[in-house]
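Numbering (the numbering used here), first residue to last: 26 to 966.
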């Protein structure tokens, strides 16, 4: 049931959208949701909501969460079948308590989608099989019963689909890891006061009543108790928000829910008898219970409850039927055998057997012919929820409805104020302003706000509480705004924000100072760079000016022209350069020789260390293999034991559930027996009183018969009175006998239940003992497993260390190889340089040959010049002097070249001999132990 301004579950309207036409064919649906009764009772569309787009998102979400196409289609088929169920038509046969189908098209569609036969479905709805004694019979259903049965089946299908969906999503998102903490979000409907308030509104308002009581206790009571515990001066304030009286009216024994559950098991009980019992037990006796005045043109209300949010008048119509909410077991059995894999899985616990006759819509089969009512299930789930909330640190979010017309920009002030008053928001604001809602332990306060008063906290160790007090005094914060407790400092609302502003200002000041220092440093660095650039620029300018003056100087021009002709100076420079290169090569050769010896020593040392590490690694590998085998065996044993523990836990849980059910039944039976005994005592007292009255009247008749014989009319009247009393006496006797039979029957049931309870308790004790033994073995194996795991980790660590050492040695070997390659490269370079020197010597020889040719040419010129000596005496003298000088220089040059050639030849011979010797030694070392050891290491690895 939903309001006209609301609509049903969104999935119904999404399926009817045109997002996936293929689903329409699969589910036998049309695009217009108004054609389906169950979804057309309220709004069909919502503003700013595109059902087609939402359907595409829903389908995409199913794909992301790993649902297969078959699962999606089966889910949509079951959902669509509910819509077809709502359109099925039924009629009452004239003068019979039997309904019949008025057209079978919708039932055939629903049966096709659910994977069952349409004829079996219709037969199961019209004439379900029920157990009478030890036999099964087909019971005829009237029209209302069939419609209610279809509604219960639809709700059961949707409920089971939802539970399966939640379970499947949890399995998909499960990370298979241990959980120590969790974040839970509880979203419930708010307090509901409608024109018509039924059983659903009572359950919702009862839940809100419990949650509001928890909120009051947590917000008001615990808050003030913490002030006392911390030693803060505080006067306890009673905000008058105790809701326990209303909660007791609903949930305690002989409360509304208890009477409702009792009426559900009493034969021939009706909503009227339920309301009468409420009046007898609570009207005028409980301050929270009342009888509403009948209003004109309004739905009839049978009783009212004074909730914290206001007085709500409830109508008790169909409460017993709603609380039982039985489903048709015959149809449920068909669902369990359906061709639709999902539906058969959802109703696997509903396979009809000889020992079951009915089930509750919750979906769990109850033994012993009993049933779990909706109110009992709701109360049990609510108790579990409250226990979970008490074990957590809750935070409350209040949602305020601005208006009831669902229009933006409209604020109903009376409605908002009513919600703020009902939800305890105003009381929460009041205590927050009067109390100290913000709190922080001293160490955190000192660490965060010591920046506000750096001089107030001395260096070194100081007590956190004393440091906090010093900080608060130094910043001159009013004592009215905070209190120092035993372990925490408490502050009023807004004080923490003020401290944060002060802290931000202090940080801004520090950051600004730091930024100034950094900017100053950067600018000084930039200024120094500019000065260096200016100095370098002046040096460059000066050198450029000098060069411009020098390049036009005649002597510089002469120097530049003469210098290339001075080959002697160039040769001397080249000789010096060659001598320097020779010395450098000689020193490099000595260094390489020394380095080679060191390399050989290190190589031998590395080979020894490698052999030791290899032996140690083999030993560790053997130990690791053994530990891995033990680890594998322990993991297998652990998995087996965990499976046994899970099986035993499951059995224990089943036994505990059965035990709880039996206890509940026993308590209920004892309560009924006490009530029946009380009724029997009352009947006996009335019977005894009647018998005493009969005796008194008989005595009066005997005494007056002698005196008033003539008064026949009076005697006849007394005789009639006596007969009437005798008839009443016989009726009372018959009623007493009937009640005694009921008591005897209940005593037999009680005896059977007690026997069953004793057997279950024995089984439970046995299972608990076995479970304890398994827990001990599990703990022992876990300890052994942890020890072996630690040993295995140590071995793995040792193995890792050895492997790291081996890697380091390999790297050192690679480095040595690199050095050897460098030596070889240097030797190659030396050979190249020797070849270059030899090529230079050949060039020098060519130059000498050229000089000789020039000398011969000069001789010829000299002979020619002697013929003209008379004409060119001065020139001849000059030419003769130059020629003699050149001859002497050539001779000197030839002598120096011969000496240099001999030195080079000797150096080449010596270098070749040294190089050959080094090559031989190096080749022997490399081709010998070193490369064989490296090859052996690579083979091992």
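Cβ atoms here follow ideal geometry from the backbone N, Cα and C, with glycine treated the same way. Model, not experiment: these values are computed from the prediction.
Using the beta-carbon count (16 or more within 10 Å), is residue i buried or exposed?
i, result
"residue 552", "exposed"
"residue 580", "exposed"
"residue 507", "buried"
"residue 42", "buried"
"residue 52", "buried"
"residue 93", "exposed"
"residue 555", "exposed"
"residue 577", "exposed"
"residue 364", "exposed"
"residue 146", "buried"
"residue 678", "exposed"
"residue 40", "buried"
"residue 332", "buried"
"residue 426", "exposed"
"residue 394", "No answer about residue 394 holds up, because its pLDDT of 40 lies below 50 and its placement is not dependable."
"residue 31", "exposed"
Which whole-angstrom value is the C-beta distance of residue i and residue j, which I expect to be below 8 Å?
i, j, result
"residue 474", "residue 528", "6 Å"
"residue 361", "residue 369", "6 Å"
"residue 164", "residue 152", "7 Å"
"residue 260", "residue 460", "That belief does not hold up - the Cβ atoms of residue 260 and residue 460 are roughly 11 Å apart, past 8 Å."
"residue 827", "residue 638", "6 Å"
"residue 197", "residue 90", "5 Å"
"residue 496", "residue 518", "Going by Cβ atoms, the distance from residue 496 to residue 518 rounds to 20 Å, so no, they are not a contact pair."
Please state whether the Cβ-Cβ distance between residue i and residue j is less than 8 Å.
i, j, result
"residue 116", "residue 201", "no"
"residue 348", "residue 224", "yes"
"residue 330", "residue 289", "no"
"residue 274", "residue 311", "yes"
"residue 185", "residue 371", "yes"
"residue 226", "residue 217", "yes"
"residue 666", "residue 445", "no"
"residue 300", "residue 338", "no"
"residue 126", "residue 166", "no"
"residue 64", "residue 37", "yes"
"residue 343", "residue 374", "no"
"residue 131", "residue 159", "no"
"residue 858", "residue 606", "yes"
"residue 150", "residue 353", "yes"
"residue 110", "residue 240", "no"
"residue 463", "residue 520", "yes"
DSSP state of residue i, grouped into three classes?
i, result
"residue 804", "helix"
"residue 455", "helix"
"residue 336", "strand"
"residue 258", "coil"
"residue 55", "coil"
"residue 45", "coil"
"residue 162", "strand"
"residue 571", "helix"
"residue 351", "strand"
"residue 315", "strand"
"residue 463", "strand"
"residue 31", "coil"
"residue 576", "coil"
"residue 397", "coil"
"residue 882", "helix"
"residue 237", "helix"
"residue 509", "strand"
"residue 10", "Limits of the chain in this structure are 26 at one end and 966 at the other, which puts residue 10 out of reach."
"residue 156", "strand"
With a threshold of 7 Å (Cβ to nearest heavy atom), would residue i be considered close to the ligand FAD?
i, result
"residue 117", "Summarising the ligand content, the structure contains no ligands, and the ligand FAD is consequently not present."
So, does the CB of residue i fall closer than 8 Å to a CB anywhere in chain D?
i, result
"residue 72", "Of the protein chains in this structure there is only one, and it is not chain D."
Using 8 Å as the cut-off, can you tell me whether the stretch 89-108 makes contact with the stretch 124-138, which would need three or more C-beta pairs spanning the two stretches below that distance? Put simply, the stretch 89-108 touches the stretch 124-138. At least three CB pairs are less than 8 Å apart.
Segment contact flag, the stretch 438-445 with the stretch 479-495, C-beta cutoff 8 Å, min 3 pairs: no
On the three-pair Cβ rule with 8 Å, is the stretch 397-409 touching the stretch 168-186? no
Contact between the stretch 505-521 and the stretch 536-545: three or more CB pairs below 8 Å? no
Kindly confirm or deny that the stretch 644-653 and the stretch 855-871 touch, where touching means at least three C-beta pairs closer than 8 Å. no
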